[in-house]
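A short write-up of the structure that comes next.
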Amino acid sequence: MVPDPSIRRQDFNAGLAYAGRMPEMFRYDVEILHLLVSPAHAYFGRARDGAADVPTSDALQAEVVAGKGIVGDRFFGKAAHMDAAVTLFAVESLEAIAAALGAAPFDPLLTRRNVVLRGAQLAPLLGQDFVLESGGSPVTLHGGRHAQPCAWMNEMLAPGAHPAMRGRGGIRCRAVSGGFLHRGPAVLVSPVPLDTAQAGGASVLRPSRLP
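At position 61 of the sequence shown the residue is numbered 61 (the UniProt record's numbering), and the sequence of numbers has no breaks.
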């Protein structure tokens, strides 16, 4: 992947303001496989009691509001989660976990991540503003922190999935600008180079909470 120096400021996003020289941008063809929107948490309490039966949509499109997150989702507008309201997840990570455990393919929706992508290495986006272009207005996100798995993954995916998912749980992001995300082919515009071959690779991280 090579820099695309022709990309203009408005192509990256009107909500991003850079001082001085515009940095080089890198464009990656990705696919948005799933857009999970749910108004409530499904995983709480004891895993042996089963997940909560809450409305969950694998939407064709999802509206993102700057500073709030995804409309209709459990993290939307919650002050405690403003910097981590949108979760991104690489499906290659789930495939790597299934292979490591010798299990059949897992349903990505069971991870409860909002945006499930194919073709994107996510860890380098931490601390960066980046854009997803998926057919509507570009959506700018800021990579905030790792999205760590909870022990429920042992119950919902397979025994051993929780430790196997550490470092592969995706990232939590702040919505910098609003717009619509659509399932299907998309472009990820990054200020840093990404290694798509490492999309399913594990990262070293610190312990965390919410699924």
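For glycine and all other residues, C-beta sits at the position ideal for the given N, C-alpha and C.
For residue 62, the uninterrupted beta strand (DSSP E) segment begins and ends at 61 to 65.
When rounded, the separation of the alpha-carbon atoms in residue 40 and residue 165 is 22 Å. In this structure residue 117 does not touch residue 161 by the C-beta definition: roughly 19 Å separates them, more than the 8 Å allowed.
Residue pairing from DSSP places residue 185 in a beta bridge opposite 31. If you draw a straight line from the Cα of residue 69 to the Cα of residue 179, it comes to about 10 Å. For a cut-off of 8 Å, the C-beta gap from residue 184 to residue 134 is around 7 Å, short enough to register as a contact. The Cβ-Cβ distance between residue 177 and residue 30 does not fall below 9 Å. In the DSSP annotation of this structure, the continuous segment of the alpha helix (DSSP H) that includes residue 91 starts and ends at 91 to 101.
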